Each structure stands twice: as C-alpha cells, then as structure tokens.
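The opening position of the sequence shown corresponds to residue 0 in numbering that gives the first Met the number 0, with each subsequent residue numbered one higher.
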Amino acid sequence: MPRATAAARTRGRLSRAGILAAALKLVDLDGLEALTMRRLAERLSVDPMSLYNHVDGKDALLDGLAEALWNEVEVPDEAVDWEQSLRAFTTSLRGLAHRHPHSFGLLMARGIFPARELQAIDGAIGALERAGLSREQGAEMIRTLFAYAVGYGMLELSAPPPAGATRMEQIVSLTRTLPQDAPIELIEVARLICDCDMDYQFKLGLDLIVSGLEARLP
0 MPRATAAART RGRLSRAGIL AAALKLVDLD GLEALTMRRL AERLSVDPMS LYNHVDGKDA
60 LLDGLAEALW NEVEVPDEAV DWEQSLRAFT TSLRGLAHRH PHSFGLLMAR GIFPARELQA
120 IDGAIGALER AGLSREQGAE MIRTLFAYAV GYGMLELSAP PPAGATRMEQ IVSLTRTLPQ
180 DAPIELIEVA RLICDCDMDY QFKLGLDLIV SGLEARLP
C-alpha cells in the first residue's frame, strides 16, 4: 500500500509539460548527449519508469523538445502590420539559437509539424495575405524568412566568437585559422568576412529580405 501511494503521488506531480521543461533545462546545462531517461528522472527526483506514463521514450522526448522550442516562437499578431509581424517571427526564431544552443538543431531535425509551428507559420502567412499576397505567395516568402533565421542561428552556433575576447585576441585567433603562406590580400578578405557585429548583420539581412518582399506587394 505505501508503495502504491508513493507511485500515485509521483504520477500526480508529473506532467508531459513539466517533463519537457525539465528536459530542456537539462540539455541547456549539459548538452543534448546528456539527455537520457535516467538522468531526467534524477533531475525530477522520480523513478525513471514513471516518465513513460507521459512520454513513450527517448524519441518521443526529442520530439517533445522540438515542440517546446516552437512554443517559444512568437506567433504573428493580427493587430500589427505585416512587416512588424514578420520581423518579430524571424527574430524570435533566431533567438532560440541563443537561448537553447544545444537543442536548436532539433527545430528541423525531428521531421514533425507541432501545432505551435503550424500556428506561427499560418499567422505569418496571414500577415502577408493582409498585405495583398495570395497564400501560396505568402508561403514562398515565409520559407525564405524561415531559412534565413534558422540558417543564421546555425551559423552563429557553428562559429561562436570567443567569449570576452578583445579585438586583438580575435585577430590573433583568426590568423591562426589561415594558411601560413596566405597572401596579405586574402588575409584582408578573411578579416572583412569575420569581423562583424552578428546582431547588426542579422538586421541588415532581414532589412534586405523585407525590402525585396515589399517590392513584390501589389
């Protein structure tokens, strides 16, 4: 009887949403490779088997993490104009890479369409419909914005700047990646490409996409 009562208490305080939130925190702290059902159960102070009442296993847990990421993406607001809506949507997508660098890749890797993802995309398409595009044309534009935001986030994660590095340290770090016999003009090319403010660069790219989109509006 005591064991049954304890099991009932465990079931009562566990939920799928709570499990996913704990899993996301675990991945944020220790990386995706650290996520196991046992480690997650330890974090929640429950028996590992109790997790299976809410998620079917590791694959279902990873699918759930993709859903949890989409839950943080801003759904375009019908009360604001199309440009504000799309900028917020795109910036929100890129922001996931900064908040959840270890799990950001799951956004596309799981091959699923969570309801929140569809709602966000539908809202973005709706913003363009209100601006005069057809749903098909709106979908074309959203695919472009989506690819830009997710691709930019992945780029930032693949080549993060040294934390707290001075400008001189960044230059030294850059030169170490170049061939020893690289001519000075190619070293300058490398500097020009790598020496940038990533926030400014993201905004510049988004400005260019939005300007091109605006030119296509009726």
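Glycine is no exception: its CB is placed at the ideal position from the N, C-alpha and C atoms.
Note that the structure is predicted; figures quoted are calculated from it, not measured.
A distance below 8 Å between beta-carbons, with the five flanking residues on each side excluded, links V209 to the following residues of its chain, in chain order: E82, L85 and R86. Where C193 is concerned, the enclosing alpha helix (DSSP H) starts and stops at I183 to C193. A residue is called buried when at least 16 other Cβ atoms come within 10 angstroms of its Cβ; T89 meets this threshold and is buried. Straight-line measurement puts the Cα of L60 at about 31 Å from the Cα of M140.
The residue from G104, L92, H53 and V188 with its alpha-carbon nearest to that of T143 is L92. Given a length threshold of 4 residues, each whole run of the alpha helix (DSSP H) inside the segment 110 to 135 is given here in chain order: 114 to 129. Counting along the chain, G94 sits inside the alpha helix (DSSP H) bounded by residues W81 to R98.
Residue state for Q200 is assigned as helix, using DSSP reduced to three classes. In this structure, the CA atom of D196 is about 30 Å from the CA atom of A126. In the DSSP assignment, G30 falls outside any alpha helix (DSSP H) and carries neither an H nor an E. Secondary structure at D55: coil, using DSSP grouped into helix, strand and coil. Distance from the CA of H101 to the CA of D198, rounded to the nearest whole angstrom, comes to 20 Å.
Excluding residues up to 5 positions away in sequence, nothing lies with its Cβ nearer than 6 Å to the Cβ of F145 in the same chain. The C-alpha of L154 is placed about 26 Å away from the C-alpha of I183.
Only residues of its own chain outside the window of five on either side were considered, and among them L106, P113, R115, E116 and A119 have a CB closer than 8 Å to the CB of W69, listed in chain order. Taking the Cα of I192 as reference, the smallest distance to any Cα among L205, L207, T174 and D180 is reached at T174.
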